[in-house]
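Taking the numbering used here, I'd label the letters of the sequence shown as residues 10 to 302.
Built from N, CA and C at the ideal position, the CB exists for glycine as well.
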Amino acid sequence: MQLRSLEVFVTVVEKNGFTKAAEALYVGQPALSKTIQKMEHELNVTLFDRSSKKILLTDEGKVLYEKSKEILAKINSIPDSLHQLSEVISGEVRVGIPQIIGSVFFPKVAYTFLKKYPNVTLSTKEKGGIIIEKLVDHGELDIGFVVFPASNTLESETIYKDKFNVCVSANHHLANETEVCLEQLKDEKFILFDKSFALYRLINSYCFESGFSPNVAFQSTQWDLVLELVSAQLGIAIIPEKLTNKLNDINIKALSIKHPEMVWNIGIITKKNAYKSYALKKFIEVVKEIYVT
């Protein structure tokens, strides 16, 4: 049976005859009668009592009429249900956030989004950017905040740019400087973020371009620990300028880098050609409202 056949059958019953049903459906009465006969043949039942001039349903016809009404009502409710889905945003968005980005960018995004869409659950996973890229690519996360460049197998969009500063102890021999060239740091001990962080890869890349490989004394996943180690004169660190605004009660001096130009590009990544739920689309909209526009 086809849905059209059910529509024809219900219309015949509700219009109380084949003639009026044919007019309502804009079809010829012979075609309408043929549809009913085909249904009776397929179901191996008689739907109408043809001994009367009136339209009378058999017991089987009554059952089919009630079931047909239920089916057609559900079909007709689909557009409304889809509209309601787009109007009442719910569900879950799985977000990957590196520790540094999470502390600086995510709180404002989460607050704004959940205030607008309280029926959505935000699930977060704090990992290094390289790991987050893999999780997004494998479909285990819906979206990730990462440091660019990111894998070209992912959809990506920049949302924020910042420059880097060199952080040294207030007792360091460069502490009285206001700016340095990266090549001046080739003999220094570096305190870097963990290898799972895209920042590790990025800073190494800038150092290589300046003609040296950094002498790494420590690695950490915690930006505040990195700064504490710098304050203890165990090495220097290169961090985004935005983080230097958080230097409170720490014996550290932040220096600008005049050459090369080091840029911290933050962006969002999603899996290419993957389905985006309404909740995810709205989450991306909020991120752009805050950091792009």
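Skipping 5 residues on each side, what residues in its chain have a beta carbon closer than 8 Å to that of Ser112? Sequence-distant partners of Ser112 (beyond 5 residues in either direction) whose C-beta falls short of 8 Å from its own C-beta, in its chain, are Trp232.
Where does Arg103 sit, in a helix, a strand or coil, going by DSSP? The three-state secondary structure of Arg103, taken from DSSP, is strand.
Beta-carbon spacing of Ser160, Glu142 below 8 Å: It is a contact, given that the beta carbons lie within the stated cut-off.
Residues in the same chain with beta-carbon distance under 7 Å from Leu191, minus the five sequence neighbours each way, listed in chain order, please. Taken in chain order, the residues that qualify are Tyr215, Cys216, Ser219, Ile266, His268, Pro269.
Could you give the uninterrupted runs of the alpha helix (DSSP H) lying entirely in the stretch 11-92, keeping only those of 4 residues or more? Runs of the alpha helix (DSSP H) inside the stretch 11-92: 12-23, 27-34, 38-52.
For Thr165, which residues in the same chain have their Cβ closer than 6 Å to its Cβ, ignoring the five residues on either side in sequence? One detail in the question is off: residue 165 reads as Ser in this sequence, not Thr. The answer, listed in chain order, is Ala159, Gly276, Ile278.
C-alpha gap between Phe57 and Ile87, whole angstroms: C-alpha separation (whole angstroms): 30 Å.
Below 8 Å on the Cβ atoms is my contact criterion, and I expect Val97 with Asp151 to pass it. Report the Cβ-Cβ distance as a whole number of Å. Beta-carbon to beta-carbon, Val97 and Asp151 are separated by about 19 Å, too far to satisfy the 8 Å threshold.
Integer-rounded CB distance, given that Val118 should sit under 8 Å from Gly138: Here Gly138 is actually not in contact with Val118; their C-beta atoms are around 17 Å apart, not less than 8 Å.
For the candidate residues Glu79, Ser61, Gly37, Lys63, whose alpha-carbon lies nearest to that of Val19? Minimum Cα distance to Val19 is reached at Glu79.
Quick one: residues in its chain with C-beta nearer than 7 Å to the C-beta of Asn260, no 5 flanking neighbours on either side, listed in chain order? Contacts found: Ser178, Ala179, Ser240.
Apply the 10 Å Cβ neighbour rule to Ala283 and answer buried if 16 or more other Cβ atoms are within range, or exposed otherwise. With a 10 Å radius around the Cβ and a threshold of 16 neighbouring Cβ atoms, Ala283 comes out exposed.
Quick one: using the 10 Å Cβ neighbour count with 16 as the cut-off for buried, is Ile168 buried or exposed? By the 10 Å Cβ count, Ile168 comes out buried.
Just mark Ile84 as buried or exposed, buried being the case when its beta carbon has 16 or more other beta carbons within 10 Å. When all chains shown are included, Ile84 counts as exposed.
Helix, strand or coil at Lys290 according to DSSP, with G and I counted as helix: Reduced to three states, the DSSP call for Lys290 is helix.
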